[in-house]
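Each residue of the sequence shown is one higher than the one before, counting from 8 in the numbering used here. The structure appears right after this line, and notes come after that.
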Amino acid sequence: MLTVSTQGVNALADSYDALSLKVASYIKNQLKVKPDSCLGLPTGATPVGFYQYLAKWSKNGEIDWSRAKCFALDEYLDVDLEESFEYYLEHNLYQYTNLPDEHKFNPKDSSDYDQIIASFGGLDVTIVGIGRNGHIAFNEPGTDKETRTHFVPLTESTRSANAKFFHDGEPVPKQAVTMGIRTILDSRVIVLIANGESKQEIIKEALSGPIGSHLPASYLQEHPHLFVATDFQFSGAQKFELPT
Ligand code: GLP
């Protein structure tokens with residue numbers, strides 16, 4: 008594991024590209040320091056930039072994924088393969104790496120995801136985005152802090168935010184399976200990423216407001232090794248480089 012000494016530290020970047028580069032560099036270094044790392048990986052629009060850096064470096068042979076284990080944070084149920092998070096991760100990252108197929112994990116494939124994660128020594132680094140309503144992975148408002156991987160109905164807010172990833176007229180799934188809040192909090196390091204104006208308010212609320220199930224991302228405040236990587240300023244934020 009990397010040595011980290013943080014409490015509510017922030018990796019502010021000047022742009023989305025700089026943010027993506029910082030997060031990608033952090034993962035690259037993590038795999039150098041601990042080649043058999045277990046990583047929790049997000050989907051959505053925000054991570055695309057850092058996956059592009061990782062893909063580029065992996066194609067160049069700069070990252071060895073042969074011993075890494077990658078765990079998707081969540082997955083839709085009843086979805087066409089091309090719209091699944093399994094496909095997203097394959098398309099944006101895995102296809103460019105030498106990550107063995109048997110090291111790619113998705114919560115829909117197992118009835119005890121947390122047990123599988125534990126059997127490999129637990130998550131070293133988990134990268135999470137944040138939903139407009141403060142969800143992390145698919146842990147919607149109201150989710151208990153002690154949840155492990157579980158099935159969830161998706162809120163209308165999340166379904167409408169994610170509609171952009173579906174072809175016209177195609178229905179957005181109503182159900183998903185997601186790592187629980189406790190699954191995520193058990194990760195040794197968590198990197199919360201957010202970019203753009205639409206995320207400023209919810210990041211501020213999540214990181215400086217009351218902690219509770221009304222806003223699942225607020226539980227991240229309690230994590231001893233949380234890095235917050237944003238491309239905007241928010242209260243309490245300061246220039247900070249992700250440790251390498
Ligand atoms: C989805 C995912 C989350 C992600 C969030 C934000 O609902 N399940 O893991 O963090 O949306 O996505 P985006 O980066 O597109 O804003």
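We put the CB at the ideal spot given by N, CA and C, even for glycine.
**Prompt:** Cβ atoms of Gly136 and Thr237: under 7 Å apart, would you say?
**Reply:** Taking the sequence shown and counting its residues from 1, the one referred to as residue 237 is at position 230. Taking the sequence shown and counting its residues from 1, the one referred to as residue 136 is at position 129. No, the pair does not count as a contact, with Cβ atoms beyond the cut-off.
Neighbour-count burial assignment, Glu248, 16 or more Cβ in a 10 Å radius = As a position in the sequence shown, residue 248 is number 241, starting the count at 1. With a pLDDT of 49 at Glu248, under the threshold of 50, the predicted position of this residue should be treated as unreliable, and no value is reported.
| task | Quick one: grab the DSSP three-state call for Phe241. | result | Here residue 241 refers to the residue found at position 234 of the sequence shown. Coil at Phe241, not helix or strand.
With distances taken between CB atoms, is the gap from Ala31 to Leu80 smaller than 7 Å? Taking the sequence shown and counting its residues from 1, one reaches residue 31 at position 24. Taking the sequence shown and counting its residues from 1, one reaches residue 80 at position 73. No, Cβ-Cβ distance for Ala31 and Leu80 is not below 7 Å.
**Q.** Residues near Phe239 by beta carbon distance below 6 Å, same chain, minus five either side
**A.** Residue mapping note: residue 239 aligns to position 232 of the sequence shown, counting from 1. Only residues of its own chain outside the window of five on either side were considered, and among them Gln207 have a CB closer than 6 Å to the CB of Phe239, listed in chain order.
### Query
With 16 other CB atoms within 10 Å as the buried threshold, where does Thr10 fall?
Your numbering for residue 10 matches position 3 in the sequence shown. Low local confidence applies: a pLDDT of 30 at Thr10 is under 50, so the model's placement there is unreliable, with the coordinate-based value given in what follows. So Thr10 counts as exposed.
- Message: Measuring straight from C-alpha to C-alpha, what distance separates Ser209 and Pro160?
- Response: Position 202 of the sequence shown, counted from the start, is the residue given in the question as residue 209. Position 153 of the sequence shown, counted from the start, is the residue given in the question as residue 160. The sequence shown places Ile at residue 209, rather than the Ser named in the question. Answer to the nearest angstrom: the Cα atoms are 21 Å apart.
Compute the Euclidean distance between the alpha carbons of Glu147 and Leu222, then round it to the nearest angstrom. Residue numbering aside, residue 147 sits at position 140 when the sequence shown is read from its first letter. Residue numbering aside, residue 222 sits at position 215 when the sequence shown is read from its first letter. Cα to Cα, the separation comes out at about 8 Å.
Q) Going by the CB atoms, is the gap between Asn202 and Tyr23 shorter than 7 Å? A) Here the question's residue 23 lines up with position 16 in the sequence shown. Here the question's residue 202 lines up with position 195 in the sequence shown. Yes.
For Pro160, the three-state DSSP class (helix, strand or coil): Here residue 160 refers to the residue found at position 153 of the sequence shown. Of the three classes helix, strand and coil, the one that applies to Pro160 here is strand, per DSSP.
**Q.** Own chain residues within Cβ distance below 7 Å of Lys111, not counting five before or after
**A.** If you number the sequence shown from 1, residue 111 lands on position 104. Result list for Lys111: Cys77, Tyr101, in chain order.
Under the three-state reduction of DSSP, which class applies to Ile134: helix, strand or coil?
As a working note, residue 134 is residue 127 in the sequence shown. Ile134: strand per DSSP, three-state reduction.
| message | Using the three-state DSSP reduction, which class does Thr150 fall into: helix, strand or coil? | response | Taking the first residue of the sequence shown as 1, we reach residue 150 at position 143. In this structure, Thr150 counts as coil in the three-state DSSP scheme.
*Where does Gly56 fall in DSSP's three states?*
Within the sequence shown, residue 56 is the residue found at index 49, counting from 1. Gly56 falls in the helix class under three-state DSSP.
**Request:** Taking only runs that begin and end inside the region 18–73, name each unbroken beta strand (DSSP E) of 3 or more residues, in chain order.
**Result:** 45–48
- request: Starting from the Cα of Ser73, find the closest Cα among His174, Pro217, Gly47, Lys41 and give me that residue.
  value: Along the sequence shown, read from residue 1 onward, the residue named residue 73 stands at position 66. Here the closest residue by C-alpha is Lys41.
### Query
Is any heavy atom of the ligand GLP found at a distance shorter than 6 Å from the C-beta of Ala144?
Within the sequence shown, the letter at position 137 stands for residue 144. It does: the Cβ of Ala144 is within 6 Å (strictly closer) of some heavy atom of the ligand GLP.
Can Pro49 and Ile134 be called in contact, C-beta distance under 7 Å? If you number the sequence shown from 1, residue 49 lands on position 42. If you number the sequence shown from 1, residue 134 lands on position 127. Taking 7 Å as the Cβ cut-off, Pro49 and Ile134 qualify as a contacting pair.
Practice item. To the nearest angstrom, report how far apart Gly149 and Gln182 are at their CA atoms. Key: What you label residue 149 is simply residue 142 of the sequence shown in a count that begins at 1. What you label residue 182 is simply residue 175 of the sequence shown in a count that begins at 1. Whole-angstrom Cα-Cα distance: 16 Å.
Exercise for review: Pick helix, strand or coil for Ile218, following the three-state DSSP scheme.
Suggested key: Within the sequence shown, residue 218 is the residue found at index 211, counting from 1. Correct three-state label for Ile218: coil.
**Prompt:** Which stretch, first to last residue, makes up the alpha helix (DSSP H) that contains Tyr95?
**Reply:** Position 88 of the sequence shown, counted from the start, is the residue given in the question as residue 95. That run of the alpha helix (DSSP H) goes 92–99.
When the Cα of Ala213 is compared with those of Leu26, Val132, Arg139, which residue comes out closest? The sequence position of residue 213 within the sequence shown is 206, counting from 1. Nearest option by C-alpha distance: Arg139.
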